[in-house]
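Everything below concerns the one structure shown next.
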Amino acid sequence: MGERSRNISVSVRVRPLVESERRRGADGAVAAWAVDSHHQDRLVDQRTGEAYIFDHVFGPATTTAELFEASGCEVIESFCEGVNGTIFAYGQTASGKTFTMQGNGKTDGIIQLAVMEIFNQINAHRDHMYMMKVSYMEIYNEQVFDLLNEYGDEVKVLDDLQGQLELRNLTWRQVKTGPQDIIGCLEEGDRRRHKGETKMNEISSR
Numbered sequence: 001m002g003e004r005s006r007n008i009s010v011s012v013r014v015r016p017l018v019e020s021e022r023r024r025g026a027d028g029a030v031a032a033w034a035v036d037s038h039h040q041d042r043l044v045d046q047r048t049g050e051a052y053i054f055d056h057v058f059g060p061a062t063t064t065a066e067l068f069e070a071s072g073c074e075v076i077e078s079f080c081e082g083v084n085g086t087i088f089a090y091g092q093t094a095s096g097k098t099f100t101m102q103g104n105g106k107t108d109g110i111i112q113l114a115v116m117e118i119f120n121q122i123n124a125h126r127d128h129m130y131m132m133k134v135s136y137m138e139i140y141n142e143q144v145f146d147l148l149n150e151y152g153d154e155v156k157v158l159d160d161l162q163g164q165l166e167l168r169n170l171t172w173r174q175v176k177t178g179p180q181d182i183i184g185c186l187e188e189g190d191r192r193r194h195k196g197e198t199k200m201n202e203i204s205s206r
């Protein structure tokens, strides 16, 4: 995640066991890893005692809103000042990426919280002029697909004359009213995503 104070910030979130894991009596990540109560940036492997240091470590009780406030909000503030920023989740299937980024219908994810914060920043800077556009694409089997295109057409990735990447044929939607414009694009694109099932999907928190 890009921030003003440094280029990359890495946060770790330890998720709680889901119901299917509890029924199987699984130990899971909660038993194997622990947040150091004296150093909130350390994740301790309870099997070996080794500690790993990150910018932030969040335990199972941490809400997504708390996570965003601590490690994502500054990215949005910088973004609204013209600095490029990226927030992404990485982990194996069923580790909680979708829940963290998109929520579950009852709880907002990072995306919804980021969208709301963008509009908070806009409302706080009425003396600035903003124009907002949104796109939604998917990288699948080394191909890029436009999820806001009715047919999910492949996007051509090219180099322009300045040596910058150009995403040809990618749909951009202008945000005209408010946060729901962006959330609507997210929901529309989600219906076109490629979805593959594995055994790990069966215990996914989604």
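For reference, each letter of the sequence shown is one residue, going 1 to 206 in the UniProt record's numbering. Even glycine gets a Cβ: it sits at the ideal position worked out from N, Cα and C. Since the model is a prediction, treat every value here as computed from it, not as a measurement.
Rounded to the nearest angstrom, the gap between the Cα atoms of Pro179 and Val115 is 6 Å. In terms of CA proximity to Glu138, Arg192 leads the group His125, Asp108, Arg192 and Glu187. In this structure, Arg168 keeps its C-beta atom at 9 Å or more from the C-beta atom of Leu161.
In this structure, the alpha-carbon of Gly91 lies about 7 Å from that of Lys97.
Partner residues in the beta bridge of His56, as assigned by DSSP, are Ser11. Setting aside the 5 residues that flank it on each side, Ala51 is surrounded in the same chain by Arg42 and Val44, each with a C-beta closer than 6 Å to its C-beta; the list follows chain order. In this structure, the alpha-carbon of Lys176 lies about 14 Å from that of Ser135.
When the Cα atoms are used, Lys156 and Val144 turn out to be separated by approximately 7 Å. Taken through DSSP and simplified to helix, strand or coil, Asp181 comes out as helix.
Secondary structure of Leu161 (DSSP, three-state): coil. The straight-line gap separating the alpha-carbon atoms of Ser11 and Gly72 is approximately 10 Å.
Ile122 and Ser20 have their C-alpha atoms spaced approximately 43 Å apart.
Judged by DSSP in its simplified three-state form, Phe145 adopts strand. Under DSSP, Met137 forms a beta bridge with Asp146.
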